[in-house]
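Beneath this line is the structure, given in structure tokens, with notes to follow.
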Amino acid sequence: MCRVMVGLDRLATVVRIRHLVLAGVVAASMTACGESAPDSSTTSSAPTIRTACDASAANGSVFTTTVRPDIPFALQLPQLRAWQVTPTEGKDVILRRSDRHPGRMSSATVTLGVSPPRKASGHTAVISAMEGTWRQWRSETVQVCGWGGTRSTGVLSASRAEEVDEYHEFLGFDYLAGDMLYPIRMSVEATAADRDMYRPDIDTFVDGLQIVPIPPAG
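Now the structure itself:
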């Protein structure tokens, strides 16, 4: 039985995001194990989308992940207005934007990280699944900096009366450095009602995601 924590307290948002990210690393192989409308899931047959792989193209400024001794590269995203880095104890980079509307607030969160590497020669696909009632699920193939991956989007229906529907995106691909494969993953969570407002920024993050190799010391 597959389980993903999707109904946690708002105080545990970061924890929930990480669980959702893990579930979305291999979105190409993911199936919804909860309820879904008959026509809510589609896989695009359109040509593969190729990203620009240039984080500075949007406005010249970038967010850069912390250089780590266990990873021979850094990741960069465009630094867009109103997005702020959220402090976290983990190794992921979490960006958040909040907006005020008459009588309510909306927000969007982007999480970027690298999962533990594995030997390229022993590569095996891992199938993950997500629980919940998903609508408008869509997956498409992408080329991020020349590396093949999958971008999946969907709306997770609220499970409690006090909650709201949430829009999610999962971007995942493997980057080969030496003889190791590094799974790179980016996830998005936003209030579904405000999806169209945040989508231009999300598209810019996906298109601008850049891998910056770090030369060996010495």
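If you're matching positions, the sequence shown starts at 58 in the working numbering and goes up one per residue. Virtual Cβ for every residue (Gly too), placed ideally from N, Cα, C. This structure is a prediction, so every number in the text was calculated from the model and none was measured.
Buried or exposed (CB count within 10 angstroms, at least 16 for buried), residue i
| i | result |
| --- | --- |
| Glu246 | buried |
| Val263 | buried |
| Gly229 | buried |
| Ser209 | buried |
| Ala274 | exposed |
| Ile241 | buried |
| Arg138 | exposed |
| Ile280 | The structure shown does not extend to residue 280, since the chain is modelled only from 58 through 275, so no value can be given for it. |
| Val221 | exposed |
| Pro174 | buried |
| Gly117 | exposed |
| Ser86 | Residue confidence is low: Ser86 scores 38 on pLDDT, short of 50, so the model does not pin down where it sits. Its coordinate-derived value is still stated next. By the 10 Å Cβ count, Ser86 comes out exposed. |
| Val201 | buried |
| Pro135 | buried |
| Arg252 | buried |
| Gly10 | For residue 10 there is no data in the structure shown, the boundaries of the chain being 58 and 275. |
Straight-line gap, residue i to residue j (C-alpha atoms, nearest Å)
| i | j | result |
| --- | --- | --- |
| Arg256 | Arg154 | 12 Å |
| Ile259 | Ala165 | 9 Å |
| Tyr239 | Gly205 | 13 Å |
| Asp111 | Ser244 | 19 Å |
| Cys90 | Ile106 | For Cys90, the predicted model reports a pLDDT of 42, less than 50, meaning its position is unreliable; a value from the coordinates is still stated below. Approximately 27 Å, taken between the alpha carbons. |
| Asp127 | Ile268 | 15 Å |
| Ser214 | Thr207 | 22 Å |
| Met162 | Ala249 | 13 Å |
| Ser216 | His225 | 15 Å |
| Pro159 | Trp191 | 28 Å |
| Ser196 | Ile271 | 32 Å |
| Ala115 | Trp140 | 14 Å |
| Ser172 | Tyr232 | 11 Å |
Collapsed DSSP secondary structure at residue i in the structure displayed
| i | result |
| --- | --- |
| Arg125 | coil |
| Asp231 | strand |
| Gly265 | helix |
| Ala257 | The sequence given here places Pro at residue 257; Ala does not occur at that position. Pro257 falls in the helix class under three-state DSSP. |
| Ala249 | helix |
| Ala177 | helix |
| Trp140 | coil |
| Arg217 | coil |
| Ala165 | strand |
| Glu146 | coil |
| Ile106 | strand |
| Ile241 | strand |
Residue i and residue j closer than 8 Å at C-beta
| i | j | result |
| --- | --- | --- |
| Thr145 | Leu132 | no |
| Thr108 | Leu266 | yes |
| Ala177 | Met254 | no |
| Pro129 | Ala234 | yes |
| Asp156 | Gly170 | no |
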